[in-house]
Amino acid sequence: MTILRVLGSAAGGGFPQWNCNCANCDGVRRGAIKATARTQSSIALSEDGVHWLLVNASPDVLTQIRATPALQPARAARDTGIVAVLVMDAQIDHVTGLLMLREHRAALPLYATAPVLRDLAEGFPLSRILSHYCTLETHPLLLDGTPFTVPPFTALTLQAIPLESKPPPYSPNRAAPQRGDNIGLRIVNRATGKRVFYAPGLARIEPHVRAELDQADVVLVDGTFWRDDEMQRLGLSQKSALDMGHLAQSGPNGMIAALDETRAARKVLIHINNTNPILVEDSPEREELAAHGIEVAYDGMEIAL
Ligand code: MLT
Ligand code: MN
Ligand code: ZN
26 MTILRVLGSA AGGGFPQWNC NCANCDGVRR GAIKATARTQ SSIALSEDGV HWLLVNASPD
86 VLTQIRATPA LQPARAARDT GIVAVLVMDA QIDHVTGLLM LREHRAALPL YATAPVLRDL
146 AEGFPLSRIL SHYCTLETHP LLLDGTPFTV PPFTALTLQA IPLESKPPPY SPNRAAPQRG
206 DNIGLRIVNR ATGKRVFYAP GLARIEPHVR AELDQADVVL VDGTFWRDDE MQRLGLSQKS
266 ALDMGHLAQS GPNGMIAALD ETRAARKVLI HINNTNPILV EDSPEREELA AHGIEVAYDG
326 MEIAL
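Mapped onto our numbering, the consecutive letters of the sequence shown carry residue numbers 26 to 330.
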């Protein structure tokens, strides 16, 4: 069965975040709110339940593997179900897990755009560091709309969708964003025709993003913040959601309004920041999502494709 499994549904920092005492982080730590802890941003795709493409290598990848027995099929003395890794951007929450996979027995296939591979060679030189361990076998992702498959998959077809955003704070290109710094992923199962649009970081509904949302059966998109000024109001950051490359859910031009227009059978928010009130299952914000037919991803959530 072809499946998409959510390994980590939280944004960078996770939920609760180690140093955070916002109402959500403090509440979940003390068991005082109706909410479940979440690890940092990652999903995995498989056609057969044995071979998996890891999409984003989270700092929590070892915890996620422990929570997902299918990722450890135990066919040999050293083994993994992870056949390759694809990353959406070069942000810490999406690439740091590569360091944790250094014991891989062969070169680890890594699919990423050219600007992301450059950041991983220069700003955060994981490819150089890992050349002393498993080494990375890099596969540059094209942005020309060409679909591709990752071996040994045959029916799962992927396509990188460039998204307006910024490279990470450490990037030498931080001040000069380039096409490909951040992508969404169109995932199509050719056997069933089912189509998913996955975009954990989405700042703006550009016309081609509108088309992706409209044509997908399942959308799995940026659920980072409820309000654009969420972090500022809590006194936790000077930056707005948009400054960080995320479209907030609420408001006339927010993600809820964008999702209201799509025909997707399932609309799911992912990459949820620990400050977001939708993490509280009996909150009015969560009720509002439900009224719009929008789900909130959780670690271990599975979507059949
Ligand atoms: C983001 O997408 O903005 C990240 O979660 C930030 C981070 O990982 O530090
Ligand atoms: Mn992130
Ligand atoms: Zn918090």
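Every residue, glycine too, gets a C-beta built ideally from N, C-alpha and C. Because the structure is a prediction, the values reported are computed rather than measured.
On the three-state DSSP scale, how would you describe residue 104?
coil
CA-to-CA distance, residue 118 to residue 109, given in whole angstroms
18 Å
Less than 8 Å between the CB of residue 159 and some heavy atom of ligand 3, yes or no?
no
Is it right to say residue 64 is buried, meaning 16 or more other beta carbons lie within 10 angstroms of its own, or is it exposed?
buried
Tell me whether residue 260 is buried or exposed, calling it buried when 16 or more other Cβ atoms sit within 10 Å of its Cβ.
exposed
So, with DSSP's three-state summary, where would you put residue 49?
helix
Counting only runs that start and end within the region 260 to 321, where is the beta strand (DSSP E) found for 3 or more residues in a row?
291 to 295, 319 to 321
Identity of the residues DSSP links to residue 254 by a beta bridge
DSSP, once it has assigned bridges, lists no residue as partnering residue 254.
Counting Cβ pairs, one atom from each stretch, are 3 or more of them under 8 Å apart for the region 160 to 170 and the region 121 to 136?
yes
Would you decide whether residue 302 is buried or exposed? Buried here means 16 or more other CB atoms lie within 10 Å of its CB.
buried
Residue 26: buried (16+ other C-beta within 10 angstroms of its C-beta) or exposed?
exposed
Alpha carbon of residue 47 to alpha carbon of residue 180, nearest angstrom:
44 Å
Is residue 254 closer than 9 Å to residue 227 when the C-beta atoms are compared?
no
Excluding five sequence neighbours on each side, which residues of the same chain lie with their C-beta closer than 6 Å to the C-beta of residue 151?
123, 145
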